[in-house]
Ligand SMILES: *Cc1c(COP(=O)(O)O)cnc(C)c1O
């Protein structure tokens, strides 16, 4: 049956993949900053850092203009440089790995676990034990969809092999585990406030670290390698033109306009989280009764940033792409998280033996996964419609 013959009994409805929850409160906070005359990093950003640190119990939180900037800064401060390498997963957004390349370091990839999307600690140890394991400066686990990796095992490896751990927390605010919040377990945790993330200010990020020296290095490298930040120069009585440059730094600070929005979002984080979980429960209840899909792996306390539906392709006569196109034809926004990095020409060219055959779990999950709409203000009709659409397609194409 061709896709165009697909007839639906459902009344068509548009369900966007994502829509940020922004209210008048964010508008007002932003307007206040615009009217204040101070638009870049200042009071709002400093308050946001304090509030964020408090929220997840982190000793230091440093606001940056993206998770990507934060990842580069965290890696730089923790010793990632030419001749060194990081270990991460091919199942991530490209910036996780590209950040190491920006610093002239190499990336060693470890496959994900069989049962979930998390980097496999056994595979990490295989690399650490190998001859090039001695080059590794840091392990970079990615908590896909908010589902926290096996941090207990990863921290044991870090200690055993004397390497740092930098958590990619782009999906995992606020994910809570028995070891503490995601982002406070490793040496650093890097969050994202990009437009589609669990809290957002359009673009933004936060680097959380345990150690004061690391925090100080990031603080300087965040702003041109300057020994005093712009707010300090603006407010201090000391001549504002005086500063020293102590390194060739970056320009990664978060402006107050965005921090003001982020502070309102932070206040709402638990409400937004609870709203997403209501939808997740509805999806889980419905999909666990359908034999052609698997519900995503979650642990108690996970933030549920994405709902990644896994198709059981043995039970279906269509591919993931066909299934996804049918959902789109029915007005449902979808995405695929992620295209594993070994599919990209840059990475294939850089590391010729970085192939899908070497990462069977990542490749399998990629072929089976579709992210379906999950955002706080989805209506009950929307989740019902998505469930019905999945059911209808799955039944029509059942093997
Ligand atoms: C979104 C995302 C990033 C990048 O975040 P930015 O804030 O856009 O730089 C990094 N890692 C993962 C896993 C992501 O999903």
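Residue numbers (full-length UniProt numbering): 1 to 399.
All residues carry an ideal CB built from backbone N, CA and C; glycine is no exception.
Mind checking whether residue i and residue j have CB atoms under 8 Å apart?
i           : j           : result
residue 185 : residue 77  : no
residue 244 : residue 148 : no
residue 124 : residue 110 : yes
residue 211 : residue 187 : yes
residue 61  : residue 47  : no
residue 332 : residue 372 : yes
residue 327 : residue 389 : yes
residue 177 : residue 206 : no
residue 260 : residue 15  : no
residue 174 : residue 275 : no
residue 269 : residue 199 : yes
residue 266 : residue 17  : no
residue 387 : residue 307 : no
residue 155 : residue 165 : yes
residue 254 : residue 45  : yes
residue 29  : residue 264 : yes
Would you tell me roughly how many angstroms separate the C-alpha atoms of residue i and residue j, rounded to the nearest one?
i           : j           : result
residue 193 : residue 298 : 22 Å
residue 141 : residue 66  : 18 Å
residue 214 : residue 74  : 8 Å
residue 238 : residue 127 : 51 Å
residue 136 : residue 339 : 25 Å
residue 240 : residue 262 : 28 Å
residue 335 : residue 256 : 31 Å
residue 191 : residue 353 : 31 Å
residue 130 : residue 117 : 24 Å
residue 204 : residue 242 : 28 Å
residue 101 : residue 351 : 12 Å
residue 122 : residue 209 : 26 Å
In terms of alpha-carbon separation, which member of the options lies closest to residue i?
i           : options            : result
residue 41  : 341, 79, 223       : 223
residue 107 : 90, 117, 115, 122  : 90
residue 84  : 98, 95, 103, 195   : 103
residue 310 : 342, 363, 349      : 363
residue 278 : 30, 383, 118       : 383
residue 358 : 365, 25, 342, 368  : 342
residue 395 : 323, 13, 31, 381   : 323
residue 105 : 92, 114, 87, 119   : 87
residue 27  : 202, 64, 293, 161  : 202
residue 365 : 378, 374, 337, 385 : 337
Hey, does residue i have any beta-carbon neighbour from chain B nearer than 8 Å?
i           : result
residue 195 : This model lacks chain B altogether, as it is built from one protein chain only.
Handout entry: Beta carbon nearer than 6 Å to a non-hydrogen atom of ligand 1
Key = Result (chain order): 66, 67, 68, 92, 93, 95, 96, 142, 168, 170, 171, 192, 194, 205.
Exercise for the section: Enumerate, from N- to C-terminal direction, the unbroken beta strand (DSSP E) stretches of 3 or more residues contained entirely within the stretch 138-171. Expected result: Runs of the beta strand (DSSP E) inside the stretch 138-171: 164-169.
Handout entry: Completely contained alpha helix (DSSP H) runs for the stretch 313-378, where each covers 4 or more residues
Key = Fully enclosed alpha helix (DSSP H) runs of 4 or longer: 320-329, 345-350, 360-368.
Practice task
Please go through the stretch 258-318 and give each complete beta strand (DSSP E) segment of 3 or more residues, from N-terminal end onward.
Solution key: Uninterrupted beta strand (DSSP E) stretches at least 3 residues long and entirely within the stretch 258-318 occur at 307-311, given in chain order.
Handout entry: Any beta strand (DSSP E) of 3 or more consecutive residues that is wholly inside the stretch 40-118
Key = Those beta strand (DSSP E) runs which fall completely within the stretch 40-118 and span 3+ residues are 60-64, 85-88, 106-109.
Handout entry: Completely contained alpha helix (DSSP H) runs for the stretch 199-229, where each covers 4 or more residues
Key = You should have 212-222.
Exercise for the section: Run through the stretch 169-193 for me and flag every whole alpha helix (DSSP H) of 4 or more residues, listed as ranges in chain order. Expected result: Correct list: empty.
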